[in-house]
Amino acid sequence: MVKFSKELEAQLIPEWKDAFVNYRQLKKQIKKIKLSTKPTHSQDTGSPDFGGSIFDSIRFFANNFSVKFFNPHTFHQTQIIKVRSKRMEDGNEEEVYQTELVQLFSEEDEVKVFFEGLDQELNKVNQFYKSRECEFLERADTLNKQLEILMDLKQIVSDRRRKPSPGILQRSWSSSPGRNSDFSETSNESLEMSTKAESPQTDEIIAALEKHGVNFINSATRAKPKKGKPKMAMRIDIPATTPTRTIAKVVAMLWEDIVSNPKNEVQGDFLRKKKIQCAEKMLRSAYVELYKGLGLLKTYSSLNMVAFTKILKKFDKVANQQASASYLQVVKKSHFIGSDKVVRLMDEVESNFTKHFANNDRKKAMKFLRPQQPKESHMVTFFVGLFTGCFVSLFSIYAILAHLSGIFKPSTGRSYVETVYPVFSVFALLSLHLFMYGCNVFFWKTTRVNYNFIFEFQHTTALKYRDAFLMCTTFMTSVVGAMVIHLLLRASGFSPSRVDAIPGFLLLFYMALLVCPFDIFYRPTRYCFIRVLRNIICSPFYKVLMVDFFMADQLTSQIPLLRHMESTACHFLGRSFRTHSYETCNSGRLFRELAYVISFMPYYWRAMQCARRWFDESDLNHLANMGKYVSAMVAAGARLTFARQENQLWFGIVLATSVFATAYQLYWDFVKDWGLLNQNSKHKWLRDDLILKNKSIYYMSIALNFVLRVAWVETVVGFRVNNMVERRMLDFFLAALEVFRRGHWNFYRLENEHLNNVGKFRAVKAVPLPFRASDSDA
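If you read the sequence shown in UniProt numbering, its first letter stands for residue 1, the second for the next number, and so on.
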């Protein structure tokens, strides 16, 4: 049977962990009470030891007397809880619970400490519940107002389609700032909506909108009407998070008259429809997050109630008292149990969502509000084991065939290394990265790091560690199988120009599978990967989210993979695998320029993301982070130049730039990304909050990250191998070490992010809202 303390730890909300009842600490206090009531050997025999205090016998008599005569069946027990109300400085009245011991306990000091701790936990739970409840109530009120505005806008559009008019009604709204720093919106785009200002129905809608605090701006100074009332305009500002919307922001004023002109009615209707759909989607996501937060708060209330019940029962059992009934009576009357606002608000959210976002289909609404968790299938585990066994067997066969055929000998191995090795090394590095990600997901899940919330993944489609291992083993089994077939065909006398095309076809097959539109082989994950790559490549036009710059950091460790893909494309597009003329791809001018570009691109993308985040959040730390990637670009360029011009000058430049970039990266790894090396921490040179209980693991990780960073730079700068096969193997080994270092870095990076969310009790995503009243003129 699982102990409740472990069950509570498994079910509690990780981001709200500090706000839950400290059940373990209360259990420790009960153990102290138990030790204080445990009779000594002299008390068991009924006679005090010689030399003992005479008060020992009196204390023993008091223990027996309290058990016999202060039994709840024979003694009328009074209340032990007294609720006092005190007025805070801001005028709000807050209930503070304080226990007064009215019975005579022989272990009075320990019992008093226990109840003081229990009172503190009850007050903490109540205060936290009240603060979250007020936050969700305010959020719900804001969403209801936003929903009314959306309904009014739909009515305006409906009237506009039925009764076109040259009149323009303008109003200014902007994106809501109610969001954390990583997801704040700064740029907006305009939508001009035309309606008949003289229509009585429209006037009623205008009056309804004005009730929400909206001030309509007279724009007669900008455009004089021909006759009648002055023109009014209504502008809906929606966050610009894509390059298209960013460009539209720049040209909005130029196209304002054209879009608002009745002659372009088709384009205007289409634009209005798209913007209202965008606003509706944002409100739908906000309602889903609100409902999720209410569900978490309801779970918080029930778990804490069970914790209070369990701990009081343990106290009654140890102290031979019946104090739980009176204390639980007050707990049930406290705010976090007695308040029904959360339940009523959940019903209201369900009703509004079903009516406005699900066409009164409750079943459809519940799919959004309460998505069912997919059941873990044992077939995934079975196939992971199957493909792992196949990979080991096929790799053993490949190693034997490669040794017998002498494919890696310097005299006969160049063709194989130039055409086959780059493709297979791409799959090997990708599979290693998938394996490391699967290990990361496993350890994140084990340590209760909410990675799905941090990355904003959907729980129904998020990749689990078994799925990552399945993808990894599937890739490697197919790749090693292709390598075995390739060697067998070459040994059978087939033409090398034909056989060497097998790796290229394998690469094309997996690229086609990546963009395959059919719902096979983790389509949501594949499309999410493509979308994130699009955001990275188009930096800084897209809003930078956590998953975007996390993936961009992964790409900075996969520069060898990108280099291999570039050389593979050159060999197969230039058909050098048929003529075996490799000088074009290895020493050509275009190849050298592409080598620089590919070495710079991941760092450039990451630097542009830092610039975009600085522009959005005005945080100078992002500029400092951008400097880290600029220094890495300089160091990479110096190393590439030194590889072609080996002299003392370039060696000094490479050494200086590499040492500076490595020191910069190490500082940012330890201090910024991991949050370690804090000299004022209670854990020496670590941080105050640690998820792993064994502190030595953190020190070992710091040393390992330092060695891998320095070893990678120093080995590339100072080590040279003349043999091509050995040099390729060494490059692959160094690239694999960098992937391993990145996977090791990932765990601590997300651990630090999770602890930041825990410190701010951030368990629900704050979705930006489409409308907010603005007093500024258009």
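Don't be surprised by glycine CBs; every beta carbon is placed ideally from N, CA and C.
When DSSP labels each residue in this structure, what does residue i get in the three-state scheme?
i, result
"GLU95", "strand"
"ASP141", "helix"
"TYR542", "coil"
"TYR522", "coil"
"ASP619", "coil"
"PRO517", "coil"
"ARG762", "coil"
"LEU686", "coil"
"PHE642", "helix"
"LEU769", "coil"
"PHE20", "coil"
"TRP650", "helix"
"LEU533", "helix"
"GLN679", "coil"
"GLY627", "helix"
"GLY338", "helix"
"TRP674", "coil"
"LYS154", "helix"
"CYS504", "The sequence as given places Gly at residue 504; Cys does not occur at that position. Helix, per DSSP."
"GLN458", "coil"
"GLY493", "coil"
"PRO239", "Low confidence applies here, because PRO239 scores a pLDDT of 43, under 50, leaving its location unreliable; read the following figure in that light. PRO239 falls in the strand class under three-state DSSP."
Keeping to the same chain, check which residues put their C-beta closer than 6 Å to that of residue i; ignore five residues upstream and five downstream.
i, result
"PRO14", "ARG448, ASN450"
"HIS76", "Unreliable positioning characterises HIS76 in this predicted model, as indicated by a pLDDT of 41, which lies under 50. A coordinate reading is not provided."
"TYR629", "TYR603, ARG606, ALA607"
"THR657", "VAL634, ALA635, ALA638"
"PHE435", "CYS472"
"VAL318", "ILE30, ILE33, LYS34"
"TYR465", "GLY438, VAL441, PHE442"
"PHE572", "GLY504"
Does residue i get closer than 8 Å to chain B when you measure Cβ to Cβ?
i, result
"TYR527", "Absent from the structure: chain B. Only one protein chain is present."
Assuming residue i is part of the alpha helix (DSSP H), what are its boundary residues?
i, result
"GLN29", "23-37"
"GLU726", "724-759"
"LEU562", "559-573"
"PHE443", "421-446"
"THR464", "Sequence inspection shows Lys at residue 464; the Thr mentioned does not correspond to that position. Here LYS464 belongs to no alpha helix (DSSP H), and DSSP marks it neither H nor E."
"PRO496", "496-499"
"PHE455", "451-455"
"LEU328", "324-333"
"TRP668", "Segment: none, TRP668 is in no alpha helix (DSSP H) and carries neither H nor E."
"GLN321", "No alpha helix (DSSP H) contains GLN321, which DSSP labels as neither H nor E."
"LEU8", "4-11"
Looking only at its chain, what residues have a beta carbon closer than 8 Å to the beta carbon of residue i, apart from the 5 residues adjacent to it on each side?
i, result
"PHE368", "ARG284, VAL288, PHE353, PHE357, ALA358"
"LEU488", "LEU401"
"LYS341", "GLU133, LEU137"
"ALA19", "LYS124, VAL125, PHE128, TYR300, PHE761"
"GLY338", "LYS332"
"TRP650", "ALA638, THR641, PHE642"
"SER5", "TYR23, ARG24, LYS27"
Residue i: buried (16+ other C-beta within 10 angstroms of its C-beta) or exposed?
i, result
"VAL707", "exposed"
"HIS459", "exposed"
"VAL349", "buried"
"GLN29", "buried"
"THR662", "buried"
"residue 779", "Limits of the chain in this structure are 1 at one end and 778 at the other, which puts residue 779 out of reach."
"PHE509", "exposed"
Excluding five sequence neighbours on each side, which residues of the same chain lie with their C-beta closer than 7 Å to the C-beta of residue i?
i, result
"ASP553", "ARG606"
"ARG139", "LEU290"
"ASN705", "ASP669, ARG741, HIS744, TRP745"
"LYS17", "VAL758"
"LYS154", "ILE276"
"ASN752", "ASP673, TRP674, GLY675"
Heavy atom of the ligand MG less than 7 Å from the Cβ of residue i, yes or no?
i, result
"ILE397", "No copy of the ligand MG appears in this structure; indeed no ligand is present at all."
Ignoring anything shorter than 4 residues or poking outside the region 348-418, list the alpha helix (DSSP H) runs there in chain order. 362-369, 378-405
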